[in-house]
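*Asks:*
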Amino acid sequence: NAGVMQNPRHLVRRRGQEARLRCSPMKGHSHVYWYRQLPEEGLKFMVYLQKENIIDESGMPKERFSAEFPKEGPSILRIQQVVRGDSAAYFCASSPGGAGTTFGSGTQLSVL
Amino acid sequence: KQEVTQIPAALSVPEGENLVLNCSFTDSAIYNLQWFRQDPGKGLTSLLLIQSSQREQTSGRLNASLDKSSGRSTLYIAASQPGDSATYLCAVRPRENTGFQKLVFGTGTRLLVSP
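Here it is, written out as structure tokens:
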């Protein structure tokens, strides 16, 4: 089992560009969570998805951010028109629904 | 609103020392509490998970305790080694989040164990 796979590991974007972060959950896991870790801060919950459904997006900024988990393929966190304040580590986690959450290695987004 | 605090923010010890990391949370209505390890540029590794009905969990040189009523948990590391150097994160799963694993994290304790 390859674990939770996130790519890319590092992503550099200029202000105003779009960032797309991908997350493939562990095999058999149908629940995906995205967290953001700003410099010198703890991880903050962003969004929880199941296949084709957003269950809880209470931690997502209201504008420019969106997430999806299609029937086929990885979960995508999309950030439109990135700004310097979006620079952070973005972590994806997955679970089978019960206890136990496995985290990926994260994507470090740098906005120039 | 649940808030998680970790003290100290950073800790530097010589190899071989026993040490204690502290975590406090404001709302005792939790399902469980987890301790994670985060290495630079890497993801989170779950170390110990304590259910709300449990008092402690042990894994090797690690022991985590939970006092839900006072909103506190401690992570005890025995005979520390340089390989223990990492950031240690505490996270609680609030009881309000039935059915899914939404975690509230502390800001972590950065541990450096010198040879």
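First to last, the protein sequences are chains A and B.
Residue 607 in our numbering is what sits at position 48 of the first sequence, and the numbering runs on without skipping anything.
Residue 67 in our numbering is what sits at position 79 of the second sequence, and the numbering runs on without skipping anything.
Using N, Cα and C, we set each Cβ at its ideal position, and we do this for glycine too.
#1: In the structure shown, what three-state DSSP assignment does Pro70(B) receive?
#2: Please report whether the beta-carbon of Leu32(B) lies at a distance below 8 Å from any beta-carbon of chain A.
#3: Could you pull out every residue in the same chain whose Cβ sits closer than 8 Å to the Cβ of Glu616(A), ignoring the five residues on either side in sequence?
#4: Just how far apart, CA to CA, sit Leu77(B) and Leu32(B)?
#5: With 8 Å set as the bound, which would you pick, yes or no: does the beta-carbon of Lys90(B) sit closer than that to a beta-carbon of chain A?
#6: Based on the DSSP secondary-structure assignment, which residues constitute the bridge partners of Met585(A)?
#7: Measuring only the C-alpha atoms, how far is Thr(-7)(B) from Asp27(B)?
#8: From Thr46(B) to Arg572(A), what does the alpha carbon distance come to, in whole angstroms?
#9: With C-beta atoms as the reference, is Val101(B) less than 8 Å away from Ser57(B)?
#10: Of all the residues that make up the region 581 to 596 of chain A, which are near chain B by a beta-carbon distance shorter than 7 Å?
#11: Closer than 8 Å, Cβ to any Cβ of chain B: which residues of the region 600 to 627 of chain A, in chain order?
#12: Any C-beta of chain B sitting closer than 8 Å to the C-beta of Thr660(A)?
#13: Expressed to the nearest angstrom, what Euclidean distance is found between the alpha-carbon atoms of Ile638(A) and Ala66(B)?
#14: Which residue comes first and which comes last in the beta strand (DSSP E) that contains Val571(A)?
#15: Using Cβ-Cβ distances below 8 Å, what residues of the region 635 to 654 of chain A are close to chain B?
#16: So which residues on chain B does Ser669(A) lean against when the C-beta distance must stay under 8 Å?
#17: Pick from Ile(-5)(B), Phe13(B), Val80(B): whose alpha carbon is nearest that of Leu36(B)?
#18: Under 8 Å, with one C-beta from each stretch per pair, do the region 655 to 664 of chain A and the region 583 to 594 of chain A reach the 3-pair mark?
*Replies:* In terms of the structure at hand:
#1: The DSSP-derived three-state label of Pro70(B) is helix.
#2: Judged by the 8 Å Cβ criterion, Leu32(B) is in contact with chain A.
#3: Answer for Glu616(A): Met605, Val606, Tyr607, Ala626, listed in chain order.
#4: C-alpha separation (whole angstroms): 9 Å.
#5: Any Cβ of chain A closer than 8 Å to the Cβ of Lys90(B) would place that residue at the interface, and such an atom is present.
#6: Looking at the DSSP output, Met585(A) bridges to nothing.
#7: Rounded to the nearest whole angstrom, the CA to CA distance from Thr(-7)(B) to Asp27(B) is 20 Å.
#8: Taking the straight line joining both Cα atoms gives about 43 Å.
#9: Remark: C-beta atoms of Val101(B) and Ser57(B) do not approach each other more closely than 8 Å.
#10: Answer set for the region 581 to 596 of chain A: His590, Tyr592.
#11: Cβ contacts with chain B: Glu600, Gly601, Leu602, Lys603, Phe604, Tyr607, Ile614, Asp615.
#12: Output row for Thr660(A): interface = yes.
#13: Each residue's CA atom was taken as its position, placing Ile638(A) and Ala66(B) some 43 Å apart.
#14: Unbroken beta strand (DSSP E) run through Val571(A): 569 to 572.
#15: Answer set for the region 635 to 654 of chain A: Phe650, Ala652, Ser654.
#16: What Ser669(A) touches in chain B: nothing, since even the nearest Cβ is about 13 Å away.
#17: Looking at the Cα atoms, Val80(B) is the closest of the given residues.
#18: Counting Cβ pairs under 8 Å, three or more are found: they touch.
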